[in-house]
Amino acid sequence: MPELPEVETVRRGLAALVTGKIIDHVTVTLGRIIRTPDDVERFKMMLAGQRIDSVDRRGKYLLLGVGPYTLVSHLRMEGRYGLYRGEDPVEIHTHVIFHFTDGTELRYKDVRQFGTMDLVPRGDFTALPGLHALGPEPLDELFTVDVLRSQVRKKRSGKMKMLLLDQTFVAGLGNIYVDEVLYLSRLHPEAQVTDLTEKQVQRLHGAIVDVLSRSVELGGSSIKSYVNGYGQEGGMQHQLRVYGMENTPCPACGTLIEKTRIGGRGTHFCPTCQPPQGRA
DNA sequence: CGTGTCACCTGACAGC
DNA sequence: TGCTGTCAGGTGACAC
Numbered sequence: 121m122p123e124l125p126e127v128e129t130v131r132r133g134l135a136a137l138v139t140g141k142i143i144d145h146v147t148v149t150l151g152r153i154i155r156t157p158d159d160v161e162r163f164k165m166m167l168a169g170q171r172i173d174s175v176d177r178r179g180k181y182l183l184l185g186v187g188p189y190t191l192v193s194h195l196r197m198e199g200r201y202g203l204y205r206g207e208d209p210v211e212i213h214t215h216v217i218f219h220f221t222d223g224t225e226l227r228y229k230d231v232r233q234f235g236t237m238d239l240v241p242r243g244d245f246t247a248l249p250g251l252h253a254l255g256p257e258p259l260d261e262l263f264t265v266d267v268l269r270s271q272v273r274k275k276r277s278g279k280m281k282m283l284l285l286d287q288t289f290v291a292g293l294g295n296i297y298v299d300e301v302l303y304l305s306r307l308h309p310e311a312q313v314t315d316l317t318e319k320q321v322q323r324l325h326g327a328i329v330d331v332l333s334r335s336v337e338l339g340g341s342s343i344k345s346y347v348n349g350y351g352q353e354g355g356m357q358h359q360l361r362v363y364g365m366e367n368t369p370c371p372a373c374g375t376l377i378e379k380t381r382i383g384g385r386g387t388h389f390c391p392t393c394q395p396p397q398g399r400a
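Residues 121 to 400 in this note's numbering are what the first sequence lists, from first letter to last.
Structure representation (structure tokens):
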């Protein structure tokens, strides 16, 4: 489900819905979701009585400030949150429920059960390598062409598709937006990182910022099941140029969009606008 | 270090 | 109808 724009949309919803609420107690019906601490009972004890005082995001991670802790939540493929009244029937695939003192509940649902929660000392992410080693935040004003260039120059080899999926390179891109960014940059997904020209680095920077910021504005892409904290779909799926558009004409040149498999991930591109040699 | 494969799960869908 | 195989927005472990 979620890449940066979807997680940011969820974050905004949660910030409005649960900031200031006090957790009375927590119910966990699928212990696997809770990674830290390793004892689920301890997880529940630590959260009882705490107030949610912030909802932030880093890359694809949601960061809830709860008393002396940060609750780090990763939705992986299909995790989603919703605010319910206590008397609302609990839907299938609900695995964690935060019961608030006002009678409402924040529920975490996850069909594929891939999502994770880690409760760590506030701001201390050293025990979470995936979060700790995250690359620059692409919608931060500090993410300049210079920053992107230095990230690119760190790489000795590799294909563009793999580079953009690497969360230590730039945080928050996933399979949808990587394909969209490569299309807008006119780069073939198998182009070699080391072959990037200065001009291509600049185009890449512009494409990353453009695609992600447009998607955040539209509330993300709803491809299958994604909805925000209010249960609403996003609007970015209607603006995707190549993802999921195989065998339809490229909006720029009319060539049929192709779908292949690179690094095990479905990869969509226009063979004309994104030639293998990567000139233009 | 890079890359390919698999595993973690369930559900949707195509094809037989 | 039902079976089988494939695929899905992510990441981490593992083998070369």
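Note that the Cβ used here is the ideal one computed from N, Cα and C, for glycine as well.
Quantities reported herein were computed from a predicted structural model and do not represent experimental measurements.
{"Query": "C-alpha gap between residue 138 and residue 225, whole angstroms", "Result": "9 Å"}
{"Query": "N-terminal and C-terminal residue of the beta strand (DSSP E) that residue 181 is part of", "Result": "181-186"}
{"Query": "Cutoff 7 Å; reference residue 265; Cβ partners in own chain excluding five residues on either side", "Result": "321, 322, 325"}
{"Query": "Counterpart residues of residue 354 in DSSP-defined beta bridges", "Result": "Paired residues: none, contrary to the question."}
{"Query": "Strand pairing of residue 389, partner residues [DSSP]", "Result": "378"}
{"Query": "Own chain partners of residue 301 with C-beta closer than 8 Å, once the 5 adjacent residues on each side are dropped", "Result": "284, 293, 324, 327, 328, 331"}
{"Query": "Cβ shell of residue 392 (< 7 Å), same chain only, five flanking positions each side left out", "Result": "370, 373, 375"}
{"Query": "Close beta carbons around residue 127, own chain, < 7 Å, minus the five adjacent residues each side", "Result": "177, 180, 182, 195"}
{"Query": "Simplified DSSP state of residue 312, which is helix, strand or coil", "Result": "strand"}
{"Query": "Delimiting residues of the alpha helix (DSSP H) encompassing residue 326", "Result": "318-337"}
{"Query": "Classification of residue 291 by the beta-carbon crowding that lies within 10 angstroms, buried from 16 upward", "Result": "buried"}
{"Query": "Any non-hydrogen atom of the ligand GDP within 8 Å of residue 262 CB", "Result": "Looking at this structure, you won't find the ligand GDP or any other ligand, since it has none at all."}
{"Query": "Beta-carbon gap between residue 316 and residue 280 smaller than 9 Å", "Result": "yes"}
{"Query": "Bridge partners - residue 215, DSSP secondary structure assignment", "Result": "Paired residue(s): none; residue 215 is not in a bridge."}
{"Query": "Segment contact flag, the region 228-246 with the region 201-220, C-beta cutoff 8 Å, min 3 pairs", "Result": "yes"}
{"Query": "Residue 296 - containing alpha helix (DSSP H), residue span", "Result": "295-305"}
{"Query": "Cα-Cα separation, residue 125 to residue 167", "Result": "28 Å"}
{"Query": "C-beta atoms of residue 214 and residue 149 nearer than 9 Å", "Result": "yes"}
{"Query": "Whether residue 240 touches residue 192 by CB criterion (9 Å)", "Result": "yes"}
{"Query": "Proximity to residue 250 [Cα-Cα], best of 307, 261, 287", "Result": "287"}
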